[in-house]
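Visitor:
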Amino acid sequence: MKKTARIIAGKGILYACGLLAAGVLAVTLTMSAQVFADEEKKETIKEVAAGPGKVTFSTDYPGVTIKPGGTSTFSLYITNTGSDESTVSLSAEGLPDGWEGAFKGSSNEVSMVHIGSYQEKEDSPSLSYSLAAPEDAKEGEYKITLKAKGGKTDAELLLNVKVDPEEKKIGVDTFTTDYAQQEGPSGTRFSYSTKLTNNSGENQTYSLSAEGAPEGWNVTFTPSDAGNATSSVPVDAGATSSITVAVTPSQNVTAGEYPLTLTANCAGENLELPVIVKITGSYGLAAATPTGNLSVKAFAGETQDAILSIQNTGNIDLTNLSLKAQASTDWKVTFDQDEISDIPAGESKEVTAHITPAKDAILGDYAVIVTASNDVASSNCDLRVSVQNHTGWGVVAIVIIVALVFGLGYVIRKFGRR
């Protein structure tokens with residue numbers, strides 16, 4: 085029995101080993117076949133990709149409608165499904181007499197373009213075709229064929245152009261801003277961010293201007309893609325140009341609201357954008373002299389006049405102004421008018437100050453401070469008053485001194501010998 089069991093166990097082990105070997109062999113053969121298939125597939129893909137491929141010439145809108153004398157620009161795309169690179173020549177066939185057409189790359193006119201390998205639409209170089217119809221173009225449909233040829237490439241694109249004198253715009257052009265009203269004190273430079281949208285089917289150039297700006301104001305237009313202000317801006321069909329409009333009021337502007345109209349005009353389109361500039365009030369007062377000379381000469385006990393200039397330097401009218409003065413003891417200062425009913429913004433009024441030094445004032449400089457003020461503004465004018473003697477008294481003093489000198493000399497000579 086034991087011998088029989090050992091024989092059966094041995095046969096089981098041999099059978100299991102055989103099954104294991106068969107499994108390993110099957111897996112090995114399967115993996116080898118898969119590797120061979122993958123390699124064969126790679127070679128097949130490589131052979132397909134290495135072929136010449138197909139070059140396609142396209143545009144988003146191959147059919148357009150324009151008016152006689154109108155223009156249209158077609159954005160062009162060249163795609164390549166193959167690995168071959170090439171440089172092709174560009175041409176147009178079927179262009180009617182009197183019509184003008186040109187291929188443009190960026191901002192330059194071009195006649196050739198390079199096609200890269202596996203070039204997709206988004207990789208296509210910047211390329212467009214500009215078409216212009218003459219003013220006398222007849223109504224009807226015209227077919228123009230654009231061609232790209234070179235090497236193994238022979239691609240064509242058919243354009244359908246309809247001339248219709250009654251051609252309608254795709255949409256209405258717009259000239260807008262988010263903040264049409266701004267405010268600030270005088271001296272503020274106001275800035276409006278505007279957007280000019282060309283909703284037509286043609287490229288347009290708009291002339292820019294401002295209407296209603298008061299004299300002395302300055303209004304400038306600066307497109308976002310330009311460094312300097314300009315009076316016109318080109319906008320492609322369907323595109324939007326961002327324009328900064330700077331408004332600088334005059335220096336002497338008064339408080340209030342100022343409506344302006346910004347305009348953008350092109351052939352057949354006049355756009356208006358109303359804006360408001362609100363100048364808020366600012367008070368300002370300056371007391372001085374008309375000449376700027378703050379020195380006054382006077383004599384003790386005698387009245388001397390000084391002309392003062394009281395100026396409203398703000399942009400709001402000033403009312404109910406009063407004049408006061410501070411001076412040394414026993415001095416007297418009065419005005420020909422110690423109250424001013426009103427001074428319009430930016431204007432001034434003259435006032436005469438009557439200054440009388442004290443009778444016993446000694447020679448020297450004295451300060452007299454004149455203050456002009458009301459409830460909202462105030463200003464001081466500091467005058468320097470030089471008290472002097474009359475020239476006649478100076479002569480008398482000199483004569484007395486000379487007489488004393490001669491008298492003293494006489495006495496010395498007469499009594500000095502004894």
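Note that our numbering has the sequence shown beginning at 85, numbered continuously upward.
Even for Gly, the Cβ is constructed at its ideal location relative to N, Cα and C.
1) Along the beta strand (DSSP E) that carries residue 468, what are the first and last residues, could you check?
2) Quick one: Cα of residue 386 to Cα of residue 400, how far?
3) Buried or exposed, going by whether 16 or more other CB atoms sit within 10 Å of the CB of residue 482?
4) Using 8 Å as the threshold, is the C-beta distance between residue 469 and residue 441 below it?
5) For residue 154, does the count of other Cβ atoms within 10 angstroms reach 16, so buried, or fall short, so exposed?
6) Would you kindly check if the distance between the Cβ of residue 446 and the Cβ of residue 410 is under 8 Å?
7) Please classify residue 282: is it buried, with 16 or more other beta-carbons within 10 angstroms of its beta-carbon, or exposed?
8) To which residues of the same chain is residue 125 closer than 8 Å at the C-beta, ignoring the five residues directly before and after it?
9) Considering only the alpha carbon of each residue, which of 467, 398, 439 lies closest to residue 270?
10) Here's a check: name, in chain order, each residue in its chain whose Cβ is nearer than 6 Å to the Cβ of residue 201, leaving out the five neighbours to either side.
11) Nearest by alpha-carbon distance to residue 358: which of 342, 350, 369 is it?
12) The beta strand (DSSP E) that contains residue 227, what's its start and end?
13) May I ask you to verify whether the segment 315-322 touches the segment 273-289, counting CB pairs closer than 8 Å and requiring at least 3?
14) Could you check how far apart the C-beta atoms of residue 347 and residue 353 are, in whole angstroms? I think they sit under 8 Å.
15) Answer with buried or exposed for residue 151, where buried requires no fewer than 16 other C-beta atoms within 10 angstroms of its C-beta.
16) Can you tell me the Cβ-Cβ gap for residue 345 and residue 296, rounded? I've got them flagged as a contact below 8 Å.
17) Let me check one thing: in DSSP terms, what residues is residue 143 bridge-paired to?
18) Go ahead and label residue 127 buried or exposed: buried means 16 or more other beta carbons lie within 10 angstroms of its beta carbon, across all protein chains shown.
19) Answer with buried or exposed for residue 450, where buried requires no fewer than 16 other C-beta atoms within 10 angstroms of its C-beta.
20) Tell me the rounded alpha-carbon separation between residue 416 and residue 492.
Guide: Checking against the coordinates, here is how it stands:
1) Counting from one through the sequence shown, the residue named residue 468 turns up at place 384. Taken as a continuous stretch (DSSP letters only), the beta strand (DSSP E) holding residue 468 covers 462-472.
2) The sequence position of residue 386 within the sequence shown is 302, counting from 1. The sequence position of residue 400 within the sequence shown is 316, counting from 1. The straight-line gap from Cα to Cα measures roughly 39 Å.
3) Working through the sequence shown from its first residue, we reach residue 482 at position 398. Residue 482 should be labelled exposed.
4) Numbered from 1 along the sequence shown, position 385 holds the residue referred to as residue 469. Numbered from 1 along the sequence shown, position 357 holds the residue referred to as residue 441. Cβ atoms of residue 469 and residue 441: closer than 8 Å.
5) For the purposes of this step, residue 154 is taken as the residue at position 70 of the sequence shown. By the 10 Å Cβ count, residue 154 comes out buried.
6) To locate residue 410, count along the sequence shown from 1; it is residue 326. To locate residue 446, count along the sequence shown from 1; it is residue 362. Result no, Cβ atoms of residue 410 and residue 446 do not sit closer than 8 Å.
7) For the purposes of this step, residue 282 is identified with residue 198 of the sequence shown, where counting begins at 1. By the 10 Å Cβ count, residue 282 comes out buried.
8) Residue mapping note: residue 125 aligns to position 41 of the sequence shown, counting from 1. Bear in mind that a pLDDT of 39 at residue 125, under 50, signals an unreliable position, so the number given afterwards is only what the model happens to contain. Excluding positions up to five away in sequence, the list is empty.
9) On the sequence shown, position 186 is the one that residue 270 refers to. When only C-alpha atoms are compared, the closest one is 398.
10) Here residue 201 refers to the residue found at position 117 of the sequence shown. Around residue 201: 167, 169.
11) Locating residue 358 in the sequence shown gives position 274, counting from the first residue. If we check each option's Cα against that of residue 358, 342 comes out closest.
12) Walking along the sequence shown from the start, residue 227 turns up at place 143. From DSSP, the beta strand (DSSP E) with residue 227 extends over 224-234.
13) yes
14) Translated into positions along the sequence shown, residue 347 becomes position 263. Translated into positions along the sequence shown, residue 353 becomes position 269. No, residue 347 and residue 353 are not in contact; Cβ-Cβ is about 11 Å, not under 8 Å.
15) The sequence position of residue 151 within the sequence shown is 67, counting from 1. Flag for residue 151 reads buried.
16) What you label residue 345 is simply residue 261 of the sequence shown in a count that begins at 1. What you label residue 296 is simply residue 212 of the sequence shown in a count that begins at 1. Yes, they are in contact, since the Cβ atoms of residue 345 and residue 296 sit about 5 Å apart, within 8 Å.
17) Counting from 1 along the sequence shown, the entry for residue 143 is found at position 59. Paired residues: 160.
18) For the purposes of this step, residue 127 is taken as the residue at position 43 of the sequence shown. Unreliable positioning characterises residue 127 in this predicted model, as indicated by a pLDDT of 35, which lies under 50. The coordinate reading is nonetheless provided below. With fewer than 16 other Cβ atoms within 10 Å, it is exposed.
19) Position 366 of the sequence shown, counted from the first residue, corresponds to residue 450. Buried.
20) Locating residue 416 in the sequence shown gives position 332, counting from the first residue. Locating residue 492 in the sequence shown gives position 408, counting from the first residue. Taking the straight line joining both Cα atoms gives about 43 Å.
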